[in-house]
Each structure stands twice: as C-alpha cells, then as structure tokens.
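Mapped onto this note's numbering, the consecutive letters of the sequence shown carry residue numbers -2 to 337. Positions of the beta carbon are idealized from the N, C-alpha and C atoms, including for glycine.
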Amino acid sequence: MTRIVHAVRSDGFAGVEQFVLRLAVAQAGDGHTVVVVGGDPGRMRPALTAVGVEHVPAARTMDVVRALRPRIRRVDVVNTHMTAADVAGVVASGTRRRPALVATRHFARPRGRVGPLPIDALVSHRIDAEIAISAAVAASVGRPTTVVHAGVDGRPPGDGRARDRTVLIAQRLEPEKHTALAVRAFAESGLAMEGWTLEVAGDGSERGRLEALVRELGLAEAVTFTGFRSDLPSVMDRAGMLVAPCPVEGLGLTVLEAMAGGLPVVAAAAGGHVELLADLDDRALFRPHDATDAARRLRSLAGDPAGRDALGAAERDRQQQAFSTRAQVDGTDAVYRGVL
C-alpha cells in the first residue's frame, strides 16, 4: 500500500482536476491511502469522500504548501499537477528525501520563468520523476519524462438507437481552445441547412463573443449554448459527432471520453489528438487552424452514417486497448515504485 497525496493549486474543475479525481479514485480502489489537495470542493469532494479519499481545498500556492507540510512525514509520494503545485511541493518538502516528489506534466510546453530564472532551474533538482500524459507533452517540456497516457473508464455501447443529428463542442470557452474555429467550421459545412444542430457545452470568458459570432453567421436557430454539463457522458451518447478544435491539447480528455462511448470525433491534428486518432479514418483529423478543412471532414462524415459508425467503433476499441484507467494506474504505480 502506498500513501499518496495529489496536489493541484486550483479551485476549478477543468481537465487537470478531472484527471486528478479519476486517478485518485482508482488508486483508492486499489487499496492505497490517498489525499487530494486542490480542485473545486463541490465537484471533487463528493466523489472522493465516497471512496475514503480526504480532500483539502487549495486555491492559492501557499494553500498547497500549508496543506502539504503536516502530511509530508506521513506519506510516500507527493504527486503534483501543474507548475504552481510543483513549486509548492518543493517548498513544502524542503530538503527531505522522503516523500518522493513526482510531477505530472499536462501541457505541451516548458514550465516558464520567474523573472529571469526558468522555473525548471528552481524545482528540477528536487523532483524525483516526471510523468507526461502523452508523447506530445513529453516532446515539448524539455525535461526527461515517463509517458503514462491519461485514461478513462470504458462505457457500455449505445442502446442501438440512431444518434441525433447534432455536432457537439465540449470544452472551456477560452481563447486557447479555438471554439470560434469550430463554430465557423459548422457554418461552412452547411450542415445546418440539412437539419443538423450545433451544441456548445461549456462556459468561459469567450461565451459572449461566441454567441455574437453565431448571430453574425445566421446560425442562431441551429446553435445552442448549454453551459457546463455535469452529465456530459449522456450528452455524448446522443450526439452525432464531436468537434475538438484546440491545437495545443496535451492529450484531450474530452476526446478520450467521446472515444470511450463510440462518439465519432473530428479534431485538430496536433498535440495529443494525433496519438488518440491517427490511422482510424482520414476524416478524424483536420489541419490545425483551418476551418475549411474541418468543415469538409464534418460534412463528409455527416453524409456517411456507416462511416461514422465505423469510426466510433474504432475509437472505442482504441480507448479500451490503450487509454484505460487501469493502464494509467498501473503505469503511474510503476513510476512511484521506481523512485521509492
């Protein structure tokens, strides 16, 4: 049994926090003692406490430090997520050689700088191992890492009913996600004229601008903004296709969730999307930043129900074989054992 603390400086519930939640719950199910520091208490705590995992809020870096310090002597591994938590883990552990400090890298970029100093220079001497959630992240962070792909639980296949004629976007509505490109691709595909609709599930600073863009494109009757959805798997089970336009995803947990349910995906051919979708169907990946190419692939799949079904089935098979929660937990445990 390993005593583990996961730490993230956050009061939100985006991809990283969901990653931490899934991993912590699975590790607790394997009999490990797990504590989670950070993440939105309202969305993290119920699922964690249900399996005996303690949750400690931590919206600021010093909150993470204060949460870690009294636990340092009682745990085997502190697994940090994102740069602020990496720094907090180093500060809280000081010069102690235990617990082991493992940093999970979620984004395809180096850590950045504090003034003239790169953060790697401040923390790398104390971090015992680094995990990258994809080969794309590993190639971009500038540090030696072990690739342990993020995973999700498989879901039962659909009930056999035809999917709705709905294109789904499910992500934070922030500039780096390139949601506007997906909206323009839907408009350019002409699918609205054939009875397809676009559902935008998520919220963020760009929502107002995106709603204005929808009106400008004459799509108000065909596009619905539904905000954050706690029932996203159910939404995915009835959607016809998912479009994932972000060109900088470390892996793409939303894409992975779609794959688990057999929902056909059309994604930007960049970052972790390539690892998830390459060689399944040429229409699954479009040139990054190219709305016209995305529109062409959406339109082609929309007119090919058998092709959509085949792509969804191939995605589901790949997720179960290579991107499962079980594989992620086993890979993570191997990293822990290597540094203990």
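Query, Result
"Mind checking whether Gly258 and Arg152 have CB atoms under 8 Å apart?", "yes"
"From Ala301 to Val211, what does the alpha carbon distance come to, in whole angstroms?", "Per the sequence presented here, residue 301 reads as Asp, with Ala not at that position. Approximately 26 Å, taken between the alpha carbons."
"Kindly indicate which three-state DSSP category Pro285 falls into: helix, strand or coil?", "coil"
"When DSSP labels each residue in this structure, what does Gly224 get in the three-state scheme?", "strand"
"Rounded to whole angstroms, how far is the Cβ of Gly39 from the Cβ of Leu250, which I believe are closer than 8 Å?", "Contact doesn't hold; Cβ gap of about 20 Å is too wide."
"With a 10 Å radius around its C-beta and 16 neighbouring C-beta atoms as the bar for buried, classify Pro67 as buried or exposed.", "exposed"
"Taking the alpha-carbon of Thr194 as reference, which of Val74, Val164, Asp278 and Leu178 has the nearest alpha-carbon?", "Val164"
"For the alpha helix (DSSP H) containing Glu51, list its first residue and its last residue.", "Per DSSP, Glu51 belongs to no alpha helix (DSSP H); it is in the beta strand (DSSP E), Glu51 to Val53."
"Would you mind working out which of Phe222, Ser186, Val245 and Glu272 sits nearest Met256, comparing C-alpha positions?", "Glu272"
"May I ask you to list the residues that DSSP assigns as paired with Leu321?", "Inspection of the sequence shows that residue 321 is occupied by Ser rather than by Leu. Per DSSP, Val149."
"Over what stretch of residues does the beta strand (DSSP E) that includes Thr163 continue unbroken?", "Thr163 to Ala167"
"Could you round the C-beta distance between Val87 and Val111 to whole angstroms and report it? I think they count as a contact, below 8 Å.", "Rounded, the Cβ-Cβ distance is 12 Å, inconsistent with contact."
"Classify Gly335 as helix, strand or coil using the three-state DSSP reduction.", "helix"
"Assuming contact is defined by CB atoms lying nearer than 8 Å, are Arg280 and Leu260 in contact in what I supplied?", "no"
"How many whole angstroms separate the CB atoms of Glu171 and Glu203, which I take to be in contact at a CB cut-off of 8 Å?", "6 Å"
"Between Val197 and Phe225, how many whole angstroms is the CB-CB distance? I'm expecting something under 8 Å.", "Between Phe225 and Val197 the Cβ distance is about 11 Å, and since that is not below 8 Å, they are no contact."
"Excluding the 5 residues preceding and the 5 following His29 in the sequence, name in chain order all residues of the same chain whose CB lies nearer than 8 Å to its CB.", "Met(-2), Thr(-1), Arg0 and Ile1"
"Are there three or more Cβ pairs, one per stretch, closer than 8 Å when the region 120 to 136 is compared with the region 262 to 271?", "yes"
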